[in-house]
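Visitor:
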Amino acid sequence: DQQVKQNSPSLSVQEGRISILNCDYTNSMFDYFLWYKKYPAEGPTFLISISSIKDKNEDGRFTVFLNKSAKHLSLHIVPSQPGDSAVYFCAASARNQGGKLIFGQGTELSVKP
Amino acid sequence: DSGVTQTPKHLITATGQRVTLRCSPRSGDLSVYWYQQSLDQGLQFLIQYYNGEERAKGNILERFSAQQFPDLHSELNLSSLELGDSALYFCASSVDPGGASMEGYTFGSGTRLTVV
């Protein structure tokens with residue numbers, strides 16, 4: 609049962625344009641939603657998060673949007689830079705279900721100069 | 002450097018063998034989590050320990066086991082290895098025993114296991 613899904617395995621964007629990465633979930637009990645970024649040969653690193661009581665959180669070039677009614681999460685990167693090229697994982701957790709992070713399959717973002 | 006240390010970085014072993022992966026959590030973190038990432042798969046949760054005790058279990062095979070020691074480092078033991086066990090194994094740590102927070106976990110750089 610895949611509770612967190614990233615349906616796009618890859619995304620290619622031109623430098624300077626917006627990158628939009630999407631994530632869908634099925635568990636309405638999730639309290640926190642997080643995005644992680646992963647470079648080859650490294651572990652995932654935390655990027656940005658949002659709690660279920662908010663619908664938007666911004667940190668510099670990164671903004672996460674949460675649509676609870678649609679059970680949909682998205683990450684916007686504006687403007688995209690070549691250094692943003694990496695695999696992005698969305699993850700979610702529910703405090704009353706043990707709190708462990710459930711990850712999506714990842715989307716590989718390629719930002720071309 | 003995330004502060005979470007995993008050894009070894011690479012491991013090549015034969016089918017049927019047993020290996021031990023080691024993880025030292027970030028200083029001050031009491032929870033350790035193990036995840037498996039196979040080809041084209043997301044990060045699959047295996048098991049969590051908090052302050053030496055098993056806290057949560059995911060899709061961990063019976064051939065796999067883990068423990069957390071008094072100094073808080075953790076070991077993941079994989080036995081009777083099969084070709085399909087080839088994967089990246091990540092360890093992560095957090096302060097919060099429940100794990101659910103805005104900060105999430107801090108991950109190590111992983112151990113790449115290849116079973117031949």
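Those protein sequences? They're chains A and B, same order as listed. Taking the working numbering, I'd label the letters of the first sequence as residues 609 to 721. Taking the working numbering, I'd label the letters of the second sequence as residues 2 to 117. Cβ atoms here follow ideal geometry from the backbone N, Cα and C, with glycine treated the same way.
1. Quick check on A/Phe673 - is its C-beta less than 7 Å from some C-beta in chain B?
2. Distance check for B/Asp86 and A/Trp643, CA to CA, integer angstroms please.
3. Residues in the same chain with beta-carbon distance under 7 Å from B/Ser66, minus the five sequence neighbours each way, listed in chain order, please.
4. Reducing DSSP to helix, strand and coil, say where B/Asp30 ends up.
5. Only counting the same chain, and skipping five residues up and downstream in sequence, which positions put a Cβ closer than 6 Å to that of A/Gln656?
6. Tell me, please, which residues DSSP counts as bridged to A/Lys613.
7. Between the segment 19–32 of chain B and the segment 688–698 of chain A, do three or more beta carbon pairs fall short of 8 Å?
8. At least one CB of chain A closer than 7 Å to the CB of B/Gly105: is that the case?
9. Please return the same chain residues whose Cβ sits closer than 8 Å to the Cβ of B/Gly43, not counting the five positions on each side in sequence.
10. Using a Cβ-Cβ cutoff of less than 6 Å, which residues in the same chain neighbour B/His11 once the five nearest sequence positions on both sides are dropped?
11. Shorter than 7 Å from the beta carbon of B/Leu31 to some beta carbon of chain A?
12. State the DSSP-derived secondary structure class of B/Gln49, mapped to helix, strand or coil.
13. Compare the C-alpha of B/Thr8 against each of B/His74, B/Asp30, B/Asn60 and name the closest.
14. Could you tell me the alpha carbon to alpha carbon distance between B/Lys58 and A/Ile626, rounded to whole angstroms?
15. Using alpha carbons as the reference points, say which of A/Gln689, A/Leu683, A/Lys662, A/Ser616 lies closest to A/Gly624.
16. So B/Ser25 is in the beta strand (DSSP E); what residue range does that whole segment cover?
17. Taking Cβ positions, are B/Phe108 and A/Pro652 nearer each other than 7 Å?
18. For A/Asn704, list the residues DSSP reports as bridge partners.
19. Smallest Cα separation from B/Ala88: which of B/Val33, B/Gln37, B/Gly29?
20. Indicate the three-state DSSP secondary structure (helix, strand or coil) for A/Asp667 in the structure shown.
21. When the cut-off is 7 Å and only beta carbons count, does B/Phe65 lie next to chain A?
22. Below 8 Å on the Cβ atoms is my guess for A/Ile710 versus B/Phe46; work out the distance and round it to an integer in Å.
23. If you run the structure through DSSP and keep just helix, strand and coil, what is B/Leu73?
Guide: On the basis of the data shown:
1. As a position in the first sequence, residue 673 of chain A is number 65, starting the count at 1. Judged by the 7 Å Cβ criterion, A/Phe673 is not in contact with chain B.
2. For the purposes of this step, residue 643 of chain A is taken as residue 35 along the first sequence, with counting starting at 1. For the purposes of this step, residue 86 of chain B is taken as residue 85 along the second sequence, with counting starting at 1. Rounded to whole angstroms, A/Trp643 to B/Asp86 spans 26 Å at the Cα level.
3. Along the second sequence, one-based indexing puts residue 66 of chain B at 65. So the qualifying residues of the chain are Asn78.
4. Your numbering for residue 30 of chain B matches position 29 in the second sequence. DSSP places B/Asp30 in coil when its eight states are reduced to three.
5. In the first sequence, the residue the question calls residue 656 of chain A occupies position 48. Inspection of the sequence shows that residue 656 of chain A is occupied by Ile rather than by Gln. Counting only Cβ-Cβ distances below 6 Å, and skipping sequence neighbours, we find Trp643, Asp667, Phe670, Val672.
6. Here residue 613 of chain A refers to the residue found at position 5 when the first sequence is read from its first residue. A/Asp632, per the DSSP bridge assignment.
7. no
8. Taking the first residue of the second sequence as 1, we reach residue 105 of chain B at position 104. Output row for B/Gly105: interface = yes.
9. For the purposes of this step, residue 43 of chain B is identified with residue 42 of the second sequence, where counting begins at 1. Counting only Cβ-Cβ distances below 8 Å, and skipping sequence neighbours, we find nothing.
10. Within the second sequence, numbered from 1, the residue matching residue 11 of chain B stands at position 10. Contacts found: Arg113.
11. Numbered from 1 along the second sequence, position 30 holds the residue referred to as residue 31 of chain B. No, B/Leu31 lies away from the interface with chain A (no Cβ there is under 7 Å from its Cβ).
12. The sequence position of residue 49 of chain B within the second sequence is 48, counting from 1. DSSP places B/Gln49 in strand when its eight states are reduced to three.
13. As a working mapping, residue 8 of chain B is identified with position 7 in the second sequence. Per the Cα distances, B/His74.
14. Position 57 of the second sequence holds residue 58 of chain B. Position 18 of the first sequence holds residue 626 of chain A. The alpha-carbon atoms of B/Lys58 and A/Ile626 are separated by roughly 38 Å.
15. For the purposes of this step, residue 624 of chain A is identified with residue 16 of the first sequence, where counting begins at 1. A/Gly624 has its Cα closest to that of A/Gln689, out of A/Gln689, A/Leu683, A/Lys662, A/Ser616.
16. Position 24 of the second sequence, counting from 1, holds the residue named residue 25 of chain B. Run containing B/Ser25: 20–25, per the beta strand (DSSP E) assignment.
17. Residue numbering aside, residue 108 of chain B sits at position 107 when the second sequence is read from its first letter. Residue numbering aside, residue 652 of chain A sits at position 44 when the first sequence is read from its first letter. Closer than 7 Å, so yes.
18. On the first sequence, position 96 is the one that residue 704 of chain A refers to. BP columns for A/Asn704 are empty, so no partner.
19. Taking the second sequence and counting its residues from 1, the one referred to as residue 88 of chain B is at position 87. When only C-alpha atoms are compared, the closest one is B/Gln37.
20. Indexing the first sequence from 1 puts residue 667 of chain A at position 59. A/Asp667 falls in the strand class under three-state DSSP.
21. Along the second sequence, one-based indexing puts residue 65 of chain B at 64. No - not a single Cβ of chain A is within 7 Å of the one on B/Phe65.
22. To locate residue 710 of chain A, count along the first sequence from 1; it is residue 102. To locate residue 46 of chain B, count along the second sequence from 1; it is residue 45. Sure, about 7 Å apart at Cβ, within 8 Å.
23. Here residue 73 of chain B corresponds to residue number 72 of the second sequence, with the count starting at 1. Coil at B/Leu73, not helix or strand.
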